[in-house]
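> Everything in the sequence shown is counted per the numbering used here, starting at 8 for the first residue and increasing by one.
From the three backbone atoms N, C-alpha and C, an ideal C-beta is built for every residue, glycine too.
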Amino acid sequence: MALTRKMFLNTLPRALDTADYTVDGEVVTLTNGGQIFEITFSEKANFKLGGFSIPRADVTLKLTGYSDDDADVAVKRFERYFHRGGG
């Protein structure tokens, strides 16, 4: 993903539809009953092209206890809030 940790944390409450999650280093955990949505955010070196510097990060999602339909809804919401233009 092309975003900084600050951008990630600022967008996260809207992407998860709650601010009721924990942050422990690179791992964000949202627990809702028997469902656990775990997000690992790892910043990488910026990509530089001419005068541009683009932030980069690896983001891994792990969903536990979700039905296939619930997981699909959760991931689509997450992707919608973190989608950046560009094709």
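Between which two residues does the beta strand (DSSP E) carrying residue 52 extend?
As a first step, residue 52 is located in the sequence shown; it is residue number 45 there, counting from the start. First-last of the beta strand (DSSP E) with residue 52: 42 to 56.
> Measuring alpha carbon to alpha carbon, tell me which residue in 37, 67, 75 is nearest residue 28.
The residue you call residue 28 lines up with position 21 of the sequence shown. Nearest of 37, 67, 75 to residue 28, Cα basis: 37.
> Could you name the residues of the same chain whose beta carbon sits closer than 6 Å to that of residue 41, not counting the 5 residues immediately before and after it, in chain order?
Counting from 1 along the sequence shown, the entry for residue 41 is found at position 34. So the qualifying residues of the chain are 72.
> Please identify the residue among 43, 55, 67, 34 whose C-alpha is closest to the C-alpha of residue 8.
To locate residue 8, count along the sequence shown from 1; it is residue 1. The candidate whose alpha carbon is nearest that of residue 8 is 67.
> If you follow the alpha helix (DSSP H) that residue 37 is in, where does it begin and where does it stop?
Along the sequence shown, read from residue 1 onward, the residue named residue 37 stands at position 30. That residue, residue 37, is in no alpha helix (DSSP H); its beta strand (DSSP E) goes 34 to 39.
> With burial defined as no fewer than 16 other Cβ atoms inside 10 Å of the residue's Cβ, what is the status of residue 48: buried or exposed?
Residue mapping note: residue 48 aligns to position 41 of the sequence shown, counting from 1. Buried, since its Cβ has 16 or more Cβ neighbours within 10 Å.
> For the stretch 75 to 83 and the stretch 56 to 67, state whether three or more C-beta atom pairs, one from each stretch, are separated by less than 8 Å.
no
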